[in-house]
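Here's the structure we're looking at; comments come further down.
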Amino acid sequence: MPSDNGVTTLDMSATELREINETLQSAAGSNRAFEVVNTRGAHAIAVGLDAPITVTVKGSTGYYCAGMNKQATVHVQGSVGPGVAENMMSGTVIIEGDASQYAGATAHGGLLVIKGNASSRCGISMKGIDIVVHGNIGHMSAFMAQKGNLVVLGDAGDALGDSLYEARLFVRGSVKSLGADCVEKEMRPEHIDLLADLLAKAGADAKPQEFKRYGSARKLYNFNIDHAGDY
Amino acid sequence: MDKTPRTLPRQSWTFSNEVNSEIRRAAATGIYDIRGGGAKRRVPHFDDLLFLGASMSRYPLEGYREKCETGVTLGTRFAKKPIELKIPITIAGMSFGSLSGPAKEALGRGATMAGTSTTTGDGGMTEEERGHSEKLVYQYLPSRYGMNPDDLRRADAIEVVVGQGAKPGGGGMLLGQKITERVAGMRDLPQGIDQRSACRHPDWTGPDDLEIKILELREITKWEKPIYIKVGGARPYYDVALSVKAGADVIVLDGMQGGTAATQDVFIEHVGTPTLACIRPAVQALQDLGMHRKVQLVVSGGIRTGADVAKALALGADAVSIGTAALIALGDNDPKWEAEYQKLGSTTGAYDDWHEGQDPAGITTQDPELMARLDPVEAGRRLRNYLNVLTLECQTLARACGKSHVHNLEPEDLCALTIEAAAMAQVPLAGTSWIPGKGF
Numbered sequence: 028m029p030s031d032n033g034v035t036t037l038d039m040s041a042t043e044l045r046e047i048n049e050t051l052q053s054a055a056g057s058n059r060a061f062e063v064v065n066t067r068g069a070h071a072i073a074v075g076l077d078a079p080i081t082v083t084v085k086g087s088t089g090y091y092c093a094g095m096n097k098q099a100t101v102h103v104q105g106s107v108g109p110g111v112a113e114n115m116m117s118g119t120v121i122i123e124g125d126a127s128q129y130a131g132a133t134a135h136g137g138l139l140v141i142k143g144n145a146s147s148r149c150g151i152s153m154k155g156i157d158i159v160v161h162g163n164i165g166h167m168s169a170f171m172a173q174k175g176n177l178v179v180l181g182d183a184g185d186a187l188g189d190s191l192y193e194a195r196l197f198v199r200g201s202v203k204s205l206g207a208d209c210v211e212k213e214m215r216p217e218h219i220d221l222l223a224d225l226l227a228k229a230g231a232d233a234k235p236q237e238f239k240r241y242g243s244a245r246k247l248y249n250f251n252i253d254h255a256g257d258y
Numbered sequence: 022m023d024k025t026p027r028t029l030p031r032q033s034w035t036f037s038n039e040v041n042s043e044i045r046r047a048a049a050t051g052i053y054d055i056r057g058g059g060a061k062r063r064v065p066h067f068d069d070l071l072f073l074g075a076s077m078s079r080y081p082l083e084g085y086r087e088k089c090e091t092g093v094t095l096g097t098r099f100a101k102k103p104i105e106l107k108i109p110i111t112i113a114g115m116s117f118g119s120l121s122g123p124a125k126e127a128l129g130r131g132a133t134m135a136g137t138s139t140t141t142g143d144g145g146m147t148e149e150e151r152g153h154s155e156k157l158v159y160q161y162l163p164s165r166y167g168m169n170p171d172d173l174r175r176a177d178a179i180e181v182v183v184g185q186g187a188k189p190g191g192g193g194m195l196l197g198q199k200i201t202e203r204v205a206g207m208r209d210l211p212q213g214i215d216q217r218s219a220c221r222h223p224d225w226t227g228p229d230d231l232e233i234k235i236l237e238l239r240e241i242t243k244w245e246k247p248i249y250i251k252v253g254g255a256r257p258y259y260d261v262a263l264s265v266k267a268g269a270d271v272i273v274l275d276g277m278q279g280g281t282a283a284t285q286d287v288f289i290e291h292v293g294t295p296t297l298a299c300i301r302p303a304v305q306a307l308q309d310l311g312m313h314r315k316v317q318l319v320v321s322g323g324i325r326t327g328a329d330v331a332k333a334l335a336l337g338a339d340a341v342s343i344g345t346a347a348l349i350a351l352g353d354n355d356p357k358w359e360a361e362y363q364k365l366g367s368t369t370g371a372y373d374d375w376h377e378g379q380d381p382a383g384i385t386t387q388d389p390e391l392m393a394r395l396d397p398v399e400a401g402r403r404l405r406n407y408l409n410v411l412t413l414e415c416q417t418l419a420r421a422c423g424k425s426h427v428h429n430l431e432p433e434d435l436c437a438l439t440i441e442a443a444a445m446a447q448v449p450l451a452g453t454s455w456i457p458g459k460g461f
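Heads up: the sequence lines are chains A and B, in that order.
Note that the numbering used here has the first sequence beginning at 28, numbered continuously upward.
Note that the numbering used here has the second sequence beginning at 22, numbered continuously upward.
As structure tokens, this is what we get:
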């Protein structure tokens, strides 16, 4: 039921996951606001949404929170398990805490903001999403990343951007190592503008000029026996 | 003149002409051989089994007058909307990209006319395929090319691909020559580059994770769609048991004769387990868990005839799936293209360079001129005819064994011609009561 402030509260201690997701998925065409409480680390909260609704998740979640999101804004006031916003198509997902592995995996669009740290494989196989991580990211992040932008205000772990395609990676801190075919690239004015826009959208207090850009050397795009050792 | 008798030139079995040609090719190019299709080596197969037929102790059904049902329902465990098929033969997943648009359309047309399902592949769902497939299974693959929630909901079932028989443990490869603007657009990648498909899913590892992934997929699709798990023939007992644990409605088990669009020949020929050897361990796992017939088992890899279908069902499968045979029915490797196969350095029946995109039959290509050679309506009819023949043959054998439904076929209806096949299929060697491994 909507409360006085117009926000509908969904209590996971009293309501099954199926009913909660059904309520959120059925909110098509509305601009309604929801809050999910007593999450207790449950998996697959607020998945498959397809309406410009706002969902505030009060607490930490398990796997795949906001998976395959379209249009909706999902704001998690806690930390999230693996695969947050996996395969997101559009909309915005904001995590106040940390994110486990595979944050934003294979996502096609939208904005994912992680205010804490993200674990390994952040942005793996991303296909167009923008991801902004206020903290650090773990190893093998942006593995086989195809499209989109990954912005990291902190440090990146080992093998950043391994087997990268056309995604752009921006890191302010240190990079422990670059993966196969990932190289540092020139920061041109259009990249500064792009980064400034993403930082502003993510509420990040950082200057674009402080970042380095990484991208694909494109040496592995077509198999060449002389590059076999690079794979 | 020397009168000493000469021995005939003797070719080495170890270093045969075929082996030597591969050594020369490798020495010239420095890269392994890539090809399409499944294992070409001889392995124990359904040909090594025979049906016993009815006799004094068994009562046959009249071939033309008594019913022998063929319907199968897939996805009865959890899905709200299981798939009802008229025949126990489905079309396996093959990607748009590896196959042309008209070929995908023809598969949809043929399957629909025959009352069965077809399956997408790596590369997403095309309108041709969705539009012409009454029942379409949407593959959920490691690459997630083209994956989106709208297509997920438009599908009739979802198949989580863990592996395939041609390359258990391997990823995929679509070489740049087949990456047209349309294919590249669907995969969110630049045109003309080699597209690798990862061998592992990006956001889960192991059956515990997969159980949660399946929960997510069910939540997104309102628990309506049957969820299949496809595994390559590797360790079928444990793979099936873990698939059940992960929450599968249906398990697709693909033996090493199952095809692929493109993979290293060494992988195709040297990794995996023959289809015949996969079925009994898989069925045993289902029986041990009390899930046989509750979680349906679909077997694929080298199914060619109604006899193959009937034998797979007799060993405990609920249905079979065909890929290579379906392509041949459409027109792949047809002798009418022999001159062109010769120009490509191949011959009818052996053409397997599907990854090069020069298929004379217009099936495994993205070349507009070659694609135009395949009439999807006519090819769809051929596939329908072929599926009908498989079904009729399967019914013929089932009736001969006295079965009013093809699912009533059982191992007791079979014997084996070789010790290997007897051991793998766990049926007696012909003329004996001996099942290797089961004692005397």
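Beta carbons: idealized from backbone N, C-alpha and C, even for Gly.
Whose C-alpha, out of Glu123(A), Ile47(A), Val159(A), is nearest the C-alpha of Gly131(A)? Val159(A)
Measuring straight from C-alpha to C-alpha, what distance separates Leu191(A) and Lys315(B)? 43 Å
Based on the DSSP output, what are the partners of Val320(B) in its beta bridges? Leu274(B), Val341(B)
6 Å Cβ shell around Gly165(A) - same chain, five flanking residues per side excluded: If we look at Gly165(A) and ignore the five residues flanking it on each side, its Cβ neighbours are Ser146, Ser147, Gly184.
With distance defined between alpha-carbon atoms, name the residue in Thr94(B), Thr284(B), Ala132(B) nearest to Ile112(B). Ala132(B)
Quick check on the DSSP output: what are the complete alpha helix (DSSP H) runs of length 4 or more inside the region 235 to 307 of chain B, in order along the chain? 257 to 267, 286 to 291
Classification of His135(A) by the beta-carbon crowding that lies within 10 angstroms, buried from 16 upward: buried
Indicate the three-state DSSP secondary structure (helix, strand or coil) for Met194(B) in the structure shown. strand
Taking Cβ-Cβ distances below 9 Å as the criterion, which residues of the region 343 to 358 of chain B are in contact with chain A? none
Output, in sequence order along the chain, the residues in the region 206 to 222 of chain B whose CB is closer than 7 Å to any CB in chain A. Taking 7 Å as the Cβ-Cβ cut-off against chain A, the residues of the region 206 to 222 of chain B that qualify are Asp209, Leu210, Pro211, Ile214, Asp215, Ala219.
Residues that Asn48(A) contacts on chain B, provided the C-beta gap is smaller than 7 Å: Glu240
Exposed or buried, what is Tyr372(B) when buried is set at 16 or more other beta-carbons lying within 10 Å of its beta-carbon? buried
Would you check if the distance between the CB atom of Gln104(A) and the CB atom of Gly75(A) is smaller than 8 Å? no
Against chain A, does Arg165(B) count as a neighbour if the rule is that its beta carbon must be under 8 Å from one of theirs? yes
Please compile the residues from chain C whose C-beta is within a distance smaller than 7 Å of the C-beta of Met168(B). Checking the listed chains, one finds no chain C in this structure; the protein chains it contains are A and B.
Closer than 7 Å: is that where the CB of Asp253(A) sits relative to any heavy atom of the ligand FMN? For the ligand FMN, the structure offers nothing, since it holds no ligand at all.
Proximal residues of chain B, C-beta to C-beta of Ser87(A) below 9 Å: None at all; the shortest Cβ gap to chain B is about 15 Å.
Residues bridged to Lys85(A) by DSSP? Val64(A)
Starting from Phe72(B), follow its DSSP beta bridges and name the residues at the other end. Leu435(B)
Rounding to the nearest angstrom, what Cα-Cα distance links Leu404(B) and Ala333(B) in this structure? 20 Å
Sequence ranges, beta strand (DSSP E) only - wholly within the region 340 to 371 of chain B, length at least 3: 340 to 343
Alpha-carbon spacing of Val292(B) relative to Met277(B), whole angstroms: In this structure, the straight-line span from the alpha carbon of Val292(B) to that of Met277(B) is close to 7 Å.
Neighbour list for Met167(A) in chain B, Cβ cutoff strictly below 8 Å: Going along chain B, no residue has its Cβ under 8 Å from Met167(A), so there is no contact; the nearest lies around 10 Å.
Report the option in Val101(A), Glu123(A), Thr83(A), Ile72(A) whose CA atom is closest to the CA atom of Gly137(A). Measuring from the Cα of Gly137(A), the nearest candidate turns out to be Val101(A).
Anything in the region 152 to 167 of chain A with a Cβ closer than 8 Å to a Cβ of chain B? List those residues in chain order, please. Here the close residues are Ser152, Lys154, Gly155.
Check whether chain B comes within 8 Å of Glu237(A), counting only Cβ atoms and requiring the distance to be less than that. no
Flag this pair as touching only if the region 44 to 62 of chain A and the region 76 to 84 of chain A have three or more C-beta atom pairs under 8 Å; answer yes or no. Touching, per the Cβ criterion.
For Cys209(A), which beta-bridge partners are listed by DSSP? DSSP lists Ser243(A) as partners of Cys209(A).
Use the C-beta contact count for Gln447(B): other C-beta atoms within 10 angstroms, 16 or more gives buried, fewer gives exposed. With 16 or more Cβ atoms within 10 Å of its Cβ, Gln447(B) is classed as buried.
Distance between Ser53(A) and Glu126(B) (C-alpha atoms, nearest Å): Answer to the nearest angstrom: the Cα atoms are 33 Å apart.
The alpha helix (DSSP H) with Thr417(B) in it runs from where to where? Boundaries of the alpha helix (DSSP H) around Thr417(B): 397 to 421.
At a Cβ threshold of 8 Å, is Glu237(B) touching chain A? The Cβ of Glu237(B) sits closer than 8 Å to at least one Cβ of chain A.
Amino acids of chain A, ordered along the chain, whose beta-carbon sits closer than 7 Å to that of Gly197(B): Asn249, listed in chain order.
For Arg148(A), which residues in chain B fall below 9 Å Cβ to Cβ? Pro223, Asp224
Identify each residue in the region 38 to 69 of chain B for which the Cβ-Cβ distance to at least one residue of chain A is less than 7 Å, and report them in chain order. For the region 38 to 69 of chain B, the set of positions with a beta-carbon nearer than 7 Å to some beta-carbon of chain A reads Gly51, Ile52 in chain order.
Straight-line Cα distance separating Glu245(B) from Lys154(A): 27 Å
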